[in-house]
Structure formats: structure tokens, C-alpha cells
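Below you'll find the structure, written out as C-alpha cells, and then a few comments.
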Amino acid sequence: MKNIHIGLILQVVVLIFLIGIGYLIFNSSSNWEIISSELDKAKKELKISQEVIANTKSQLENTKKEFEQMKTQKDLIIHKRDSLIFSFKRKNAKDWKELQRIKDSIELTNNRLAKNRAVLDGLFGLNQ
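By full-length UniProt numbering, the letter at position 84 of the sequence shown is numbered 84, and the numbering carries on one by one without gaps.
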């Protein structure tokens, strides 16, 4: 055993140590490949999600515009109805006081309608 030098023992230990480090590096590089492929998949999914969100947002804006148009059409129909009712009752009114009561009644109804519309808009978040 005296023939074995300490340097040779140290060389064997360093060689084993280097083989261990090489093995760890090889295994970690395969892990890095897995991690990078998973990150690429996540980036693709994120891009798809962003596109879906953008499409949904534009559809929501279009729906909101259509809703506003329908609301305007509904208001126009209500005003036409009130006008027809008022003109019919005006033709059939017996005196001016009755006509004034009808006018006041319509105004009161319109005020209630405006209050109810404000409450509904608040409930559905349309006041924003």
C-alpha cells in the first residue's frame, strides 16, 4: 500500500467528483428542456386567452350598443304611445280641467318611469 501515492487517491476522488457533477448537469439540462417546453406551452395558452378576452370584450361592447339601441327604440315607442293616448283623450275630453288632469297624469307616469329606469340601471350597472 505504500506504493499508492496520495496524489493518485486524490485524482480518483476528483474524477469521481467530476463524474457526479457531469451527471447532475446532464440531468438538469433535460429538466431545463422540460421546463422551457412547459413555459412555451404556457405562453401559447396565455396568447390564446388574451385573444379570447379581446374578442369577448368587443362582443360585449357590440351587445351594449345593441342594448342601447333597443332601449332608445323602446323609449320612442313609449312616447309615441303616450302621444296617441293624449291625442285620443284630448279629442274626447269634455273640458279643460279634465285635459289638465290627463296631462298631469302622463307627466307623473313619465316621472315614475324615469325613477324606475334609474333604479334598474343602477341594479344592472348601466350607470357606469
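All residues carry an ideal CB built from backbone N, CA and C; glycine is no exception.
*Enumerate in chain order the residues of its own chain whose CB-to-CB distance from M1 is below 8 Å, with the five nearest sequence positions on each side excluded.*
To locate residue 1, count along the sequence shown from 1; it is residue 1. Annotation note: pLDDT 48 at M1 (below 50); position unreliable, coordinate value reported separately. Same-chain partners within the cutoff: there are none.
*When the Cβ atoms of the stretch 56-68 are set against those of the stretch 80-99, are three or more pairs found closer than 8 Å?*
Too few Cβ pairs lie closer than 8 Å, so no.
*asked:* Using only the alpha-carbon positions, how far apart do L39 and I6 sit?
replied: Residue numbering aside, residue 39 sits at position 39 when the sequence shown is read from its first letter. Residue numbering aside, residue 6 sits at position 6 when the sequence shown is read from its first letter. So the two alpha carbons sit approximately 49 Å from each other.
*Curious, which full-length alpha helix (DSSP H) runs of at least 4 residues does the stretch 6-56 contain?*
None, since the stretch 6-56 contains no complete alpha helix (DSSP H) of that length.
*State yes or no: is the C-beta of R112 within less than 8 Å of the C-beta of L99?*
For the purposes of this step, residue 112 is identified with residue 112 of the sequence shown, where counting begins at 1. For the purposes of this step, residue 99 is identified with residue 99 of the sequence shown, where counting begins at 1. Cβ distance not < 8 Å, so R112 and L99 don't count as in contact.
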